[in-house]
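Worksheet: one structure, shown below.
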Amino acid sequence: MGDDEYVCDKTDASASLVVSTEAGQIRKGGFIMIKGKACKVRDVSTSKTGKHGHAKCKFSAVDIFTGNTCEELCPSTHSIDVPVVNKKDWMIQGLQDETYVLLMDDDGEMREDLQLPNVSFKTDDDNTASQQIEDYMQMVVDGENIEVYCSVLSAIGVEKIVDVRTRGEAEIGEFFDQIDMLITKDGQLSQAELAMVIGDDMATQFIAQNDNNKDNQINKDEFVKGVMGKLSELDSDRAKAKWFISMRNALDQAQEDSIM
């Protein structure tokens, strides 16, 4: 098959929803459109240059909304669509009509058009997030003084609620974002990024224990749950504070080093 017979995934979507990029520029951890679906690249391999003069990129990816696996084969020099993926944090105010989630952002803007994620999506993470929202809102009704947050994942005109967390977990999530901004800015932490704040040995152990997606990286939800788990193992508030402060100091040093 010649290169002109390959049809990489191109859509007629608005320019605000996708951007076109050269297939050879897409890396593991990046995003790609496959069969009209917004996907995250789990692995990419590049074949040697063939008789037609172009190497081929083979992408193994997962639909960011449904979790379904997808594959795409495209010459490395051909253009392919990449979805514009955004995440925005919201505070959860309550539930309406049992399934609609009441949200408020930092500017006080409200929205009530998003449902519990497992209404439209059926992954284990969607079921877990929906149960967390229901449980946390019931705790609020019962008088618990907690603040509950989530992120809204959006791409190609689709949205869903992800990363449900309480205030303490939200602060750990912000810490994740600060680490991520140091190097890759891709919403994932590699072993090298984690090692900057917890050391090589602990970073390796942390990934082994918390990498639920088995991609040798840690996403925000895995990071928050892993840190919360680590804190729960410590036997005093002082020990917890000392451990977290040590991570904060290491991050501050890494930030200074990055601008020197």
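Reminder that position 188 of the sequence shown reads as 726 in the working numbering, one-by-one numbering, no gaps.
Backbone N, C-alpha and C define an ideal beta-carbon position, used for all residues, glycine too.
* Distance between E609 and S558 (C-alpha atoms, nearest Å) -> In the sequence shown, the residue the question calls residue 558 occupies position 20. In the sequence shown, the residue the question calls residue 609 occupies position 71. Roughly 18 angstroms separates the two Cα atoms.
* Please name the residue in K626, L789 and F597 whose C-alpha comes closest to that of E731. => Taking the first residue of the sequence shown as position 1, residue 731 is located at position 193. It is L789.
* **Cβ-based neighbour list, G605, same chain, cut-off 6 angstroms, excluding 5 preceding and 5 following** => Numbered from its first residue, the sequence shown carries residue 605 at position 67. Within the same chain, G605 has close Cβ partners T661.
* CA-CA distance, Y544 and D724? -> Within the sequence shown, the letter at position 6 stands for residue 544. Within the sequence shown, the letter at position 186 stands for residue 724. Its pLDDT being 49, under 50, Y544 is placed unreliably by the model, and nothing is read from it.
* Give a yes or no on contact between the stretch 687-694 and the stretch 617-633, applying the rule of three or more CB pairs nearer than 8 angstroms. => yes
* Could you say which of Q634, W781, E685 and Q755 lies nearest to V765 if we only look at CA atoms? => For the purposes of this step, residue 765 is taken as the residue at position 227 of the sequence shown. The candidate whose alpha carbon is nearest that of V765 is W781.
* In DSSP terms, what L652 is bridged to -> As a position in the sequence shown, residue 652 is number 114, starting the count at 1. For L652, which the question treats as bridged, DSSP gives the partners V639.
* In its own chain, which residues sit with a C-beta less than 7 angstroms from the C-beta of I699, not counting the 5 before and 5 after it? -> As a working mapping, residue 699 is identified with position 161 in the sequence shown. Hits under 7 angstroms: V639, L652, P655, A667, C688 and V690.
* How long is the line joining the alpha carbons of V579 and E682, rounded to whole angstroms? -> On the sequence shown, residue 579 is found 41 positions in, with the first residue counted as 1. On the sequence shown, residue 682 is found 144 positions in, with the first residue counted as 1. So the alpha carbons of these two residues sit roughly 40 angstroms apart.
* Asked: Looking at C-alpha atoms only, which residue of Q676, D673, Q716 and D664 is the closest neighbour of E697?
  -> Your numbering for residue 697 matches position 159 in the sequence shown. Closest option to E697, Cα to Cα, is D664.
* Terminal residues of the continuous alpha helix (DSSP H) containing K752? -> Walking along the sequence shown from the start, residue 752 turns up at place 214. From DSSP, K752 is part of no alpha helix (DSSP H); its letter is neither H nor E.
* To do: Could you tell me the distance, in whole angstroms, from the CA atom of I783 to the CA atom of G711?
  => Numbered from 1 along the sequence shown, position 245 holds the residue referred to as residue 783. Numbered from 1 along the sequence shown, position 173 holds the residue referred to as residue 711. Computed Cα separation, rounded: 15 angstroms.
* Assigned exposure category for R703 - 16 Cβ within 10 Å defines buried -> Here residue 703 is taken as the residue at index 165 of the sequence shown, counted from 1. So R703 ends up on the buried side.
* Report, in whole angstroms, the separation of the C-beta atoms of N748 and K763, which I expect to be a contact under 8 angstroms. => As a first step, residue 748 is located in the sequence shown; it is residue number 210 there, counting from the start. As a first step, residue 763 is located in the sequence shown; it is residue number 225 there, counting from the start. Indeed they touch by this definition, with Cβ atoms about 7 angstroms apart.
* Contacts around V556, its chain only, beta-carbon distance under 8 angstroms, and the 5 residues preceding and following it disregarded -> To locate residue 556, count along the sequence shown from 1; it is residue 18. Around V556: T549, M571, D619, V620, P621, V622 and I694.
* Using a Cβ-Cβ distance under 9 angstroms, would L691 count as near chain C? -> This model lacks chain C altogether; it includes just one protein chain.
* Can you have a look at K575 and say buried or exposed, based on whether 16 or more other CB atoms are within 10 angstroms of its CB? => Counting from 1 along the sequence shown, the entry for residue 575 is found at position 37. Answer is buried; the Cβ neighbour count reaches 16.
* Who pairs with V702 in a beta bridge, going by DSSP? -> One-based indexing of the sequence shown puts residue 702 at position 164. Bridge partners of V702: none, in fact.
* Option in D759, Q716, D701 and Q631 with minimal Cα separation from D644 -> Taking the first residue of the sequence shown as 1, we reach residue 644 at position 106. It is Q631.
* Proximity to F714 [Cα-Cα], best of G562, N757 and F659 -> As a first step, residue 714 is located in the sequence shown; it is residue number 176 there, counting from the start. It is N757 whose Cα lies nearest to the Cα of F714.
* Among V686, F659 and Q755, the one whose alpha carbon lies nearest that of I602 -> For this step, residue 602 is matched to residue 64 along the sequence shown. Among V686, F659 and Q755, the Cα nearest to that of I602 is on F659.
* Under the three-state reduction of DSSP, which class applies to I602: helix, strand or coil? -> Numbered from 1 along the sequence shown, position 64 holds the residue referred to as residue 602. Residue state, collapsed to three classes: coil.
* For Q755 versus G568, is the C-beta distance shorter than 9 angstroms? -> Position 217 of the sequence shown, counting from 1, holds the residue named residue 755. Position 30 of the sequence shown, counting from 1, holds the residue named residue 568. Cβ atoms of Q755 and G568: not closer than 9 angstroms.
* **Where the beta strand (DSSP E) containing D581 begins and where it ends** => Taking the sequence shown and counting its residues from 1, the one referred to as residue 581 is at position 43. Its beta strand (DSSP E) spans residues K575 to T584.
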